[in-house]
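Numbering (the working numbering), first residue to last: 520 to 839. A virtual CB, placed ideally from N, CA and C, is assigned to each residue, including glycine.
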Amino acid sequence: MAPNGTRNRKAATPVREEAAYLIQHDPDDHTQQRQQMLLKRWDELPLWQQEDNHFIETGYRPASGSLRKSFESWAYLHNESVNIYSHLIGSVLFAVLPIYIFRTEIPPRYKVATSADLGVCSIYFAGVAICFLLSATFHTIMNHSPKMDKLGMQLDFQGVILLMWGATVPLIYYGFYCDKKMQWVYWSLLSTFAIACSVVTMQPRFSDPFLRPIRAATFGSLAFSSIIPVVHGIIKYGWVLQSQRMGLKWVLVTLGLNTLGASAYAIKFPERWFRKTFDIFGASHQWLHIMVLLAGLAHVMGILTAFDFLHAHPNECRAP
Numbered sequence: 520m521a522p523n524g525t526r527n528r529k530a531a532t533p534v535r536e537e538a539a540y541l542i543q544h545d546p547d548d549h550t551q552q553r554q555q556m557l558l559k560r561w562d563e564l565p566l567w568q569q570e571d572n573h574f575i576e577t578g579y580r581p582a583s584g585s586l587r588k589s590f591e592s593w594a595y596l597h598n599e600s601v602n603i604y605s606h607l608i609g610s611v612l613f614a615v616l617p618i619y620i621f622r623t624e625i626p627p628r629y630k631v632a633t634s635a636d637l638g639v640c641s642i643y644f645a646g647v648a649i650c651f652l653l654s655a656t657f658h659t660i661m662n663h664s665p666k667m668d669k670l671g672m673q674l675d676f677q678g679v680i681l682l683m684w685g686a687t688v689p690l691i692y693y694g695f696y697c698d699k700k701m702q703w704v705y706w707s708l709l710s711t712f713a714i715a716c717s718v719v720t721m722q723p724r725f726s727d728p729f730l731r732p733i734r735a736a737t738f739g740s741l742a743f744s745s746i747i748p749v750v751h752g753i754i755k756y757g758w759v760l761q762s763q764r765m766g767l768k769w770v771l772v773t774l775g776l777n778t779l780g781a782s783a784y785a786i787k788f789p790e791r792w793f794r795k796t797f798d799i800f801g802a803s804h805q806w807l808h809i810m811v812l813l814a815g816l817a818h819v820m821g822i823l824t825a826f827d828f829l830h831a832h833p834n835e836c837r838a839p
C-alpha cells in the first residue's frame, strides 16, 4: 500500500482527463454527465473525507474548496443527492404545512385555535423546517474543506437539538393543559438540557474522544427530559386520557420510524452487505433521512389529535 501522502494521487484516467478538459473549456455548461465523470471512489478521497462510511465506495464529490461549487452539486447526481433533497424538500414541506392544516380544514382549525395553540404548533413546525434545512446544508458543504465539514456537522447537531426540543414543547402543553405549573416545570427542564446540548455541540474540545461521553450524556439527558413528561402524564391521568391529550399512538409511530432509521444507519444496512449497489440510491443514511421525515409527519398527526381533543372537550380538566 502506498504511504498516506501519496495513496490518493492516482494517475488520471482518460475519462477524467476528458471531463476536466470539457469543464475547463466550457465553464458555463457543467452538465450532469461531465460532473459525474469527476466523481471519486472512497479510496481516492483525502483522509478528512474518509471519516464517514467506507461501505459506500463510489459517487463521492471531490473536495471543492468553494461554497459555490458545493452548492452547484445540487444540479448533478452523487451519493449525497438524496440526503440533500430529502431534507430540502422536507424543510419546505414543514414551512408550508401549517398553512394548509389550519386554513383548509372544515371548519377551519384556525377559527378555534388560541394564541397558545399557534405558539406551540409553530415552534414544532419551525423547528423541523430549520432542522431539515441545516441538515441539507451540511450534506451540501461537507465536501468543501475539513473546517466547513466540521462546522456543517455542528449545525446539523444544532438542528437535531432544535427538533427534539420543538417536538416536545406541544406534547407538554397538551399533556398538562390542566396543570400550568407542570407545563412550566417541564418546559424549563427541557430547555435547560437543550441549551446544554447546544453549547456542548459547538465546543470543539467535546469532539475529543475522551470528552465524547459528556456530549453523549447531554443528548441522553435531553432525550430523557422529553420522555419524563409522557410517563408522568400517563401515571397521573391514565393511558386512555393521555393517549388523546398527547396523541400517544402517533408518538409511538414516530418513535418506531425514528428507531428504524437509526438502526439502519447504525448497522449500515444495506450497503454493508451489498457493495456498490446502494451507493447513490438506498443507502442507510438516506433511509435515516426518509424515516425522520415520515416521523415528523407522524408527530404532526399526534399534535393534531391532541389539538382536536382539547377543543372538542373544552371542559375536560379535572382532578386526577
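- Here tryptophan 706 is buried: its Cβ has 16 or more other Cβ atoms, across all protein chains shown, within 10 Å.
- Judged by their CB atoms, tyrosine 643 and leucine 829 are not nearer to each other than the 8 Å cut-off.
- Distances from the CA of threonine 720 to each of Asp698, Thr711, Gln673 were compared; the closest alpha carbon is that of Gln673.
- For proline 723, the closest C-alpha among the options Phe676, Lys700, His751, Phe743 is that of Phe676.
- Thr577 is the residue among Val615, Thr577, Arg587, Leu682 whose C-alpha sits nearest the C-alpha of glutamate 599.
- Nearest Cα to serine 664 within the set Pro732, Ser589, Ser803: Ser589.
- For phenylalanine 621, the uninterrupted alpha helix (DSSP H) segment begins and ends at 600 to 623.
- With a cutoff of 8 Å on beta-carbon distance, glutamine 805 and valine 601 are scored as near each other.
- Comparing alpha carbon positions, the residue from Leu779, Val688, Leu760, Lys768 closest to alanine 742 is Val688.
- DSSP, reduced to helix, strand and coil, places lysine 700 within a helical segment of the structure shown.
- For glutamate 591, the enclosing alpha helix (DSSP H) stretches over residues 586 to 591.
- Sequence-distant partners of leucine 681 (beyond 5 residues in either direction) whose C-beta falls short of 7 Å from its own C-beta, in its chain, are Gly646, Ile649, Cys650.
- Residue environment: histidine 832 is assigned as exposed (fewer than 16 neighbouring CB atoms within 10 Å of its CB, all protein chains considered).
- Taking a C-beta distance under 8 Å as the contact criterion, leucine 774 and serine 744 do not qualify as a contact pair.
- Judged by pairs of C-beta atoms under 8 Å, the region 796 to 803 does not touch the region 744 to 763, as fewer than three such pairs exist.
- Boundaries of the alpha helix (DSSP H) around cysteine 650: 634 to 660.
- Beta-bridge partners of tyrosine 579 (DSSP): Lys559.
- Scanning its chain for C-beta atoms nearer than 8 Å, with the 5 sequence neighbours on each side dropped, one finds around isoleucine 809 the residues Ser605, Gly780, in chain order.
- Methionine 765 and aspartate 827 have their C-alpha atoms roughly 11 Å apart.
- Going by DSSP, serine 782 is part of the alpha helix (DSSP H) stretching over 767 to 786.
- Burial is judged here by how many other beta carbons sit within 10 angstroms of a residue's own beta carbon; leucine 812 has at least 16 and is buried.
- For proline 617, the number of other beta carbons within 10 angstroms of its own is at least 16, and it is reported as buried.
- With a cutoff of 8 Å on beta-carbon distance, isoleucine 603 and aspartate 798 are scored as not near each other.
- Per DSSP, reduced to three states, the secondary structure at alanine 802 is coil, with no helix or strand assignment.
- Our two residues, glutamate 624 and lysine 768, have alpha carbons roughly 22 Å apart in a direct line.
- In the DSSP assignment, tryptophan 758 falls within the alpha helix (DSSP H) that extends over 758 to 764.
- Shown here for arginine 794: same chain residues with a beta carbon closer than 8 Å to its own, the five before and five after excluded, namely Phe574, Glu576 in chain order.
- Taking each of Cys836, Asn834, Ala825, Glu835 in turn and checking the Cα distance to arginine 628, the smallest one comes out for Ala825.
- In the three-state reduction of the DSSP assignment, cysteine 836 falls in the coil class.
- When only Cα atoms are considered, lysine 666 and glycine 821 end up about 39 Å apart.
- The beta-carbon separation of serine 585 and threonine 659, rounded to 12 Å, does not stay under the 8 Å limit for a contact.
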